[in-house]
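Undergrad: Got a structure here, written out as structure tokens. Questions coming.
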Amino acid sequence: MTKYHPLKELSLARLREFLREPEAVFWTYGFPLILAIGLGIAFRNRPVDKVYVDVQEHALAAQVVRYLSPQPDLVVATHSASECRDRLRLGKSSLVVVPGNPYTFVYDPTRPESALARQRVDDVLQRAAGRKDAIPTRESYATEPGARYIDFLVPGLLGMNLMGSGLWGVGFVIVDMRVRKLLKRYVATPMKRTDFLWSMIGGRLVFMLPELVVILGAGVLLFHVPIRGNPLSIFLLSLLGAFSFSGLGLLVATRAERLETVSGLMNLIMLPMWILSGIFFSPDRFPGMLQPLVQALPLTQLNYALRAVILEGASLHSQTVRILILAAWGGISFVCALRWFRWN
Amino acid sequence: MAIRCRNLRKQYRGRSGVVDAVNGLDLEVRRGECFGLLGPNGAGKTTTIEIMEGLLAATSGEVEILGMRWGQRDDDLRQRLGISLQETKFPEKLSVLETLVLFRSFYRSGKDPAEVMESVGLTEKAKAWVGKLSGGQRQRLAVACALVGDPDLLFLDEPTTGLDPQSRRQLWDIIRSLGEQGRTILITTHYMDEAERLCDRVAIVDHGRLIALGSPSELIATLGGEHVVEFAVANGNGIPQEELEALPAVREARSEATNTALTVTEPHIAIPALLETLQARGLELIRLATRHASLEDVFVHLTGRHLRDDEISPA
Numbered sequence: 001m002t003k004y005h006p007l008k009e010l011s012l013a014r015l016r017e018f019l020r021e022p023e024a025v026f027w028t029y030g031f032p033l034i035l036a037i038g039l040g041i042a043f044r045n046r047p048v049d050k051v052y053v054d055v056q057e058h059a060l061a062a063q064v065v066r067y068l069s070p071q072p073d074l075v076v077a078t079h080s081a082s083e084c085r086d087r088l089r090l091g092k093s094s095l096v097v098v099p100g101n102p103y104t105f106v107y108d109p110t111r112p113e114s115a116l117a118r119q120r121v122d123d124v125l126q127r128a129a130g131r132k133d134a135i136p137t138r139e140s141y142a143t144e145p146g147a148r149y150i151d152f153l154v155p156g157l158l159g160m161n162l163m164g165s166g167l168w169g170v171g172f173v174i175v176d177m178r179v180r181k182l183l184k185r186y187v188a189t190p191m192k193r194t195d196f197l198w199s200m201i202g203g204r205l206v207f208m209l210p211e212l213v214v215i216l217g218a219g220v221l222l223f224h225v226p227i228r229g230n231p232l233s234i235f236l237l238s239l240l241g242a243f244s245f246s247g248l249g250l251l252v253a254t255r256a257e258r259l260e261t262v263s264g265l266m267n268l269i270m271l272p273m274w275i276l277s278g279i280f281f282s283p284d285r286f287p288g289m290l291q292p293l294v295q296a297l298p299l300t301q302l303n304y305a306l307r308a309v310i311l312e313g314a315s316l317h318s319q320t321v322r323i324l325i326l327a328a329w330g331g332i333s334f335v336c337a338l339r340w341f342r343w344n
Numbered sequence: 345m346a347i348r349c350r351n352l353r354k355q356y357r358g359r360s361g362v363v364d365a366v367n368g369l370d371l372e373v374r375r376g377e378c379f380g381l382l383g384p385n386g387a388g389k390t391t392t393i394e395i396m397e398g399l400l401a402a403t404s405g406e407v408e409i410l411g412m413r414w415g416q417r418d419d420d421l422r423q424r425l426g427i428s429l430q431e432t433k434f435p436e437k438l439s440v441l442e443t444l445v446l447f448r449s450f451y452r453s454g455k456d457p458a459e460v461m462e463s464v465g466l467t468e469k470a471k472a473w474v475g476k477l478s479g480g481q482r483q484r485l486a487v488a489c490a491l492v493g494d495p496d497l498l499f500l501d502e503p504t505t506g507l508d509p510q511s512r513r514q515l516w517d518i519i520r521s522l523g524e525q526g527r528t529i530l531i532t533t534h535y536m537d538e539a540e541r542l543c544d545r546v547a548i549v550d551h552g553r554l555i556a557l558g559s560p561s562e563l564i565a566t567l568g569g570e571h572v573v574e575f576a577v578a579n580g581n582g583i584p585q586e587e588l589e590a591l592p593a594v595r596e597a598r599s600e601a602t603n604t605a606l607t608v609t610e611p612h613i614a615i616p617a618l619l620e621t622l623q624a625r626g627l628e629l630i631r632l633a634t635r636h637a638s639l640e641d642v643f644v645h646l647t648g649r650h651l652r653d654d655e656i657s658p659a
């Protein structure tokens, strides 16, 4: 063997070109990070909203206020009858309590917070008057790490990024080379075409690792997203995702001769998956009629599997069907791409 | 024989029916010679060279490169060819040396990239990104990429198009030294001076057909005189062509706009005779120049047109 190895040199060239292109590095690593931080902040858990309750002036008003005031979620004030009516109408309060026999609750039942306030206030007053609970109950709050929106979001963003960089990093780069007649120039040498394609795919798989580390790392460090799965399983799953979407990228690039064409094709492929594949919300929410389409998309299956492995600690074995669907997309794309690829 | 083409044809389906880019071309390029394919834009030069390079399939005809045909052992054949395409944009973010090492890696045997870089004068740009190179430096890099595999046969498609005079001369020196190393070179160009300086033999093509073949001096000799006298008179061209061609030592007369060119065997006989004629007719001479006949004159003689679009078109 000579000291010049074509696969090594092609891969090195790919790596150098990528790392020397600050924009490519930003869109691959910086953008998902910013997205995760932005969405994490937007959907962070807010303190519980206070409910405003007015008590109409009455001999018993002071006593009612005494019962209600200790409740942390209620803000209680006493006003005259007309003031109470105005405040309710303007939305400054959610409920007016008129003491007497019987006590009257004045509110708009179509306002959810008013309906809630009525139940809360009734409950507090009944207990204060001596009502006993028939069944013992307790609270368990679902705001711990692993059950929040940001926990749902991070694996979805990882999947989205694997899709985007697979398609752009392979499809766009190859068409760019075709436009520049670089593909033709390569074909004019004895370069093995498989070496070239492997360097493209190989490059993608290498760039995938920092993506994985940046997105999951940000999730863990900034939002305490729990990683319950085996790191190797997460790595292998991401690798398969990167591979499958590289295959799609290659397929998109087989014939396109203009950058506009390939950009359009890629958006055509990615748009349905951005919407349907459960990046930002669960794909199960779509109506049953759409489900066959939703479930057939590779990103849907990748996102399901990533969430199961990352958040629930599922084994790869338990995700076999999802893995097979994803791998089929990649494999079929590759075979078709190799068959139809236009070198010059 | 390094290259043999027989009855080569290439048809494209254009908007206005079938276009013959190459129309029955026969060519033979000998080993060790620098062969020029000369013709105007659209003559079919690039189509011809790309068929020879195995990048395009001919519609019909035979091509034999170094005794082999495309479609048999292409990889073995490619190992022996060096190719510079008309326009290749190499990766902008790779350095000159990295690009050469990349291309070197495709060949089983070849030259040291640093050595090739030195031979095209790019050593001081070794670490510069390709995107930062000038047009001339990029073309020298393209030639260097064609050389790293130490080819027996080199294809250069319009290597100096769009370059400034100094860069062109630099490339000519490189190409000439390659010829001296005994390599076979096929070069396409629409610059007649380039073909004259570099090529042992030239094929002039027009509309996909061969219209002349020979060494530059042989082709110029077909004009019947190796000098050209050009003149212009104050009120247009008042002398009939037949009268000019009847002058002693004049072989051919051509008029374009206000300019008239005479192909002449002996200028010292033709010029006094011309001046006498002008005086007899009372015409005022405003320009008179003599030069050696060139391949450009051969092309104009054969087709009535100039090689390049930017020259004056025939009157």
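Residue numbers (our numbering), protein chains in the order written: chain A, 1 to 344; chain B, 345 to 659.
Cβ coordinates follow ideal geometry from the N, Cα and C atoms, glycine included.
(1) Can a CB atom of chain A be found closer than 9 Å to the CB of G361/B?
(2) Considering only residues of the stretch 511–577 of chain B, which uninterrupted beta strand (DSSP E) runs meet the minimum length of 3 residues and lie entirely inside it, listed in chain order?
(3) Looking only at its own chain, which residues have a Cβ that is under 6 Å from the Cβ of S246/A, when we skip the five neighbours before and after it?
(4) What does R20/A reach in chain B if we use C-beta pairs closer than 7 Å?
(5) Once DSSP output is grouped into helix, strand and coil, what is the label at V225/A?
(6) What is the residue span of the beta strand (DSSP E) that G398/B lies within?
(7) For E596/B, would you say it is in contact with chain A, using Cβ-to-Cβ distances shorter than 9 Å as the test?
(8) What in chain B is Cβ-close to L10/A, meaning under 8 Å?
(9) Quick check on the burial criterion: 16 or more other C-beta atoms within 10 angstroms. Buried or exposed for T443/B?
(10) DSSP puts A117/A in a beta bridge; with which residues?
(11) Quick one, are the C-beta atoms of A36/A and V154/A less than 9 Å apart?
(12) Could one say the Cβ of V335/A lies closer than 9 Å to chain B's Cβ atoms, at least one of them?
(13) Please determine, among E57/A, P102/A and E113/A, the residue with the shortest C-alpha to C-alpha distance to L74/A.
(14) Is L497/B close to chain A, meaning its C-beta is less than 9 Å from at least one C-beta of that chain?
(15) List, in order along the chain, the chain B residues whose C-beta lies closer than 7 Å to that of M200/A?
(16) Taking its Cβ as the centre, do 16 or more other Cβ atoms sit within 10 Å of G475/B, making it buried, or is it exposed?
(17) Let me know the secondary structure DSSP gives L591/B once reduced to three states.
(18) Which word fits G619/B, buried or exposed, when buried means at least 16 other C-beta atoms lie within 10 angstroms of its C-beta?
(19) Taking 9 Å as the threshold (C-beta atoms), are D195/A and L12/A in contact?
(20) Against chain A, with Cβ distances strictly below 9 Å, would L381/B count as a contact?
(21) With burial defined as no fewer than 16 other Cβ atoms inside 10 Å of the residue's Cβ, what is the status of I656/B: buried or exposed?
(22) Taking a cut of 9 Å between CB atoms, which residues from the stretch 177–190 of chain A lie near chain B?
(23) Hey, is E257/A's beta-carbon within less than 9 Å of any beta-carbon in chain B?
(24) Tell me which residues share the same chain as K437/B and place their Cβ nearer than 8 Å to its Cβ, disregarding the 5 neighbours each side in the sequence.
(25) Starting from I409/B and walking both ways along the beta strand (DSSP E), at which residues does that stretch end?
(26) Since R185/A and G313/A should fall inside the 8 Å C-beta cutoff, what is the C-beta to C-beta distance between them, to a whole number of angstroms?
(27) Classify P503/B: buried if its beta carbon has 16 or more other beta carbons within 10 angstroms, exposed otherwise.
(28) For I135/A, is the classification buried or exposed, using 16 other Cβ atoms within 10 angstroms of its Cβ as the cut-off for buried?
(29) Which residue comes first and which comes last in the alpha helix (DSSP H) that contains L7/A?
TA: Here's the rundown:
(1) no
(2) 528–533, 545–550, 553–558 and 571–577
(3) Close CB contacts of S246/A within its chain, under the 6 Å cut and outside five residues either way in sequence, are with G166, V170, I201 and R204 (chain order).
(4) K437
(5) Reduced to three states, the DSSP call for V225/A is coil.
(6) Premise fails: G398/B is in no beta strand (DSSP E) and is neither H nor E.
(7) no
(8) L446 and S449
(9) buried
(10) Bridge partners of A117/A: none, in fact.
(11) With respect to V154/A, A36/A sits close: the two C-beta atoms are nearer than 9 Å.
(12) Taking CB atoms only, V335/A has no neighbour in chain B less than 9 Å away.
(13) E113/A
(14) no
(15) The premise fails here: M200/A is roughly 13 Å from chain B at the closest Cβ pair, so nothing lies under 7 Å.
(16) So G475/B counts as exposed.
(17) coil
(18) The residue you asked about is not Gly; residue 619/B is Leu in the sequence shown. With fewer than 16 Cβ atoms within 10 Å of its Cβ, L619/B is classed as exposed.
(19) The answer is no: Cβ separation not under 9 Å.
(20) no
(21) Its pLDDT being 46, under 50, I656/B is placed unreliably by the model, and the measurement read from it follows with that caveat. Exposed.
(22) M177, V179, R180, K181, L182, K184, R185, Y186, V187, A188, T189 and P190
(23) no
(24) Here the set comprises W473, V474 and G475.
(25) S404 to I409
(26) A Cβ-Cβ separation of about 50 Å leaves R185/A out of contact with G313/A under the 8 Å criterion.
(27) Result: buried.
(28) exposed
(29) Going by DSSP, L7/A is part of the alpha helix (DSSP H) stretching over P6 to L19.
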